[in-house]
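Numbering (this note's numbering), first residue to last: 225 to 393. Comments concern the structure below.
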């Protein structure tokens, strides 16, 4: 008899692997995986931005409430806009799974199935995905990326990982 453990409140952020899922060649990766993982510089900037927005939001909302209720609406709209942009910054990156690749930018996302990918190549320190229809997707795997600054081995590992995903499909 297996015992079910309750999921934490924010468990969707850190999903547990399914113990009944196959772990052989029949396994299919459905969840998108970020390649490369966030680097220390990006994490520091995102945490600082999140803490800064939290402090500014608290101060601005308390000032707006104390002054005028009409001021609360534009202040809240401005804070909501910055919150959406900050959340989008947390999700920026190159993601892969067995179905394809997704390059999430601040305001848009480019994606392709692996069957559409012709080549994954390194062009002067930037990994480019070329599709069969001639389109080119610039990824976030770059020697100058916030995730990879000062970590040349991490760049090589991310480049090779993306190339392997493309070759296996």
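Even glycine gets a Cβ: it sits at the ideal position worked out from N, Cα and C.
Where residue 367 and residue 346 are concerned, what is the direct C-alpha to C-alpha distance, given to the nearest angstrom?
The alpha-carbon of residue 367 is positioned some 10 Å away from that of residue 346.
Residue range of the unbroken beta strand (DSSP E) whose run includes residue 334:
Start and end: 333-337.
Buried or exposed by the 16-neighbour rule on C-beta atoms within 10 Å, applied to residue 369:
By the 10 Å Cβ count, residue 369 comes out buried.
Alpha carbon to alpha carbon, what distance is there between residue 264 and residue 374?
Cα to Cα, residue 374 sits roughly 10 Å from residue 264.
Alpha-carbon to alpha-carbon, residue 294 and residue 309:
The straight-line gap from Cα to Cα measures roughly 24 Å.
Straight-line CA distance for residue 306 to residue 266?
Whole-angstrom Cα-Cα distance: 18 Å.
Just list the alpha helix (DSSP H) runs in the segment 236-300, keeping only unbroken ones of 4 residues or longer that don't cross its boundaries, in chain order.
Taking only runs of at least 4 residues, the alpha helix (DSSP H) segments lying wholly in the segment 236-300 are 264-291.
Backbone secondary structure at residue 343 - three-state DSSP:
In this structure, DSSP gives residue 343 an extended state, which the three-state scheme calls strand.
Compute the Euclidean distance between the alpha carbons of residue 278 and residue 248, then round it to the nearest angstrom.
Take the alpha-carbon of residue 278 and the one of residue 248: they are about 45 Å apart.
Just verifying my parser: in three-state terms, what is the DSSP assignment at residue 367?
Looking at residue 367 - three-state DSSP - the assignment turns out to be coil, as it is neither helix nor strand.
List the DSSP bridge partners of residue 360.
Answer by DSSP bridge pairing, in chain order: 354.
Buried or exposed: which applies to residue 298, given that a residue is buried once 16 or more other Cβ atoms fall within 10 Å of its Cβ?
With fewer than 16 Cβ atoms within 10 Å of its Cβ, residue 298 is classed as exposed.
Given this structure, state the Cα-to-Cα distance separating residue 349 from residue 330, to the nearest angstrom.
A straight-line Cα-Cα distance of about 21 Å links residue 349 and residue 330.
Can you tell me the Cα-Cα spacing of residue 386 and residue 302, whole angstroms?
Answer to the nearest angstrom: the Cα atoms are 38 Å apart.
Near residue 376, what residues of its chain come up, given a Cβ to Cβ distance below 8 Å and the 5 sequence neighbours on each side ignored?
Here the set comprises 367.
Collapsed DSSP secondary structure at residue 374 in the structure displayed:
Of the three classes helix, strand and coil, the one that applies to residue 374 here is coil, per DSSP.
Tell me, please, which residues DSSP counts as bridged to residue 317.
According to DSSP, residue 317 shares a beta bridge with 328.
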